[in-house]
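Okay, so the sequence shown: first residue is 830 according to our numbering, each after it adds one.
For each residue, glycine too, the CB sits at the ideal point set by N, CA and C.
Everything numeric in this text was worked out from a predicted model, so none of it was measured.
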Amino acid sequence: MTTTAITPDNFETTVKNATAPVLVDFWAPWCGPCRQIAPALEELSDEMDGVTIAKLNTDDHPDLAAEFGIRGIPTMILFKDGKPAATKVGAQPKSSIRSWIESEIG
Numbered sequence: 830m831t832t833t834a835i836t837p838d839n840f841e842t843t844v845k846n847a848t849a850p851v852l853v854d855f856w857a858p859w860c861g862p863c864r865q866i867a868p869a870l871e872e873l874s875d876e877m878d879g880v881t882i883a884k885l886n887t888d889d890h891p892d893l894a895a896e897f898g899i900r901g902i903p904t905m906i907l908f909k910d911g912k913p914a915a916t917k918v919g920a921q922p923k924s925s926i927r928s929w930i931e932s933e934i935g
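So, in structure tokens, the structure goes:
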């Protein structure tokens, strides 16, 4: 499994209607810290069963980013039952991202 690209067209289906937790990484191609965590998120998408890891390009979809109050990137929002449940801002090592996800999904 690889990360899923989020757009306004698939947001409802992929995130809001998801039965499992979804981690959405709000990022942009020019963002160094975003590029830094991208490989870790790809690996986690392969390693973590029961969690979807998705990415939303804030340059391509600024309205959707604004809807969730994204002011800095990378910002990761963990959605449970289609609603934001936890937020983490800034680049983190893979182990920290994994621990954060695991602690939030119980």
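Is the beta carbon of residue i less than 8 Å from the beta carbon of residue j?
i	j	result
Phe840	Ile899	no
Pro891	Cys863	no
Thr881	Ala849	yes
Thr843	Val851	yes
Val918	Ala883	no
Can you find the residues in the same chain that come closer than 7 Å, C-beta to C-beta, to residue i, ignoring five residues on each side of it along the sequence?
i	result
Ala914	Leu907, Phe908 and Glu933
Gln921	Ile866
Could you give the first and the last residue of the continuous beta strand (DSSP E) run that contains residue i?
i	result
Ala895	Where Ala895 is concerned, there is no enclosing beta strand (DSSP E), although the alpha helix (DSSP H) it sits in stretches over Pro891 to Glu896.
Quick one: what's residue i bridged to in DSSP?
i	result
Ala834	Lys884
Val851	Thr881 and Phe908
Pro913	Phe908
Val918	Thr904
I'd like the list of long-range same chain contacts for residue i, defined as Cβ closer than 6 Å, with 5 residues on each side in sequence excluded.
i	result
Lys845	Gly911
Excluding five sequence neighbours on each side, which residues of the same chain lie with their C-beta closer than 8 Å to the C-beta of residue i?
i	result
Thr916	Thr904, Met905, Ile906 and Leu907
Asn886	Ala834, Trp856, Ala857 and Pro858
Tell me which residue opens and which closes the alpha helix (DSSP H) that residue i is part of.
i	result
Pro862	Gly861 to Glu876
Arg927	Lys923 to Ile934
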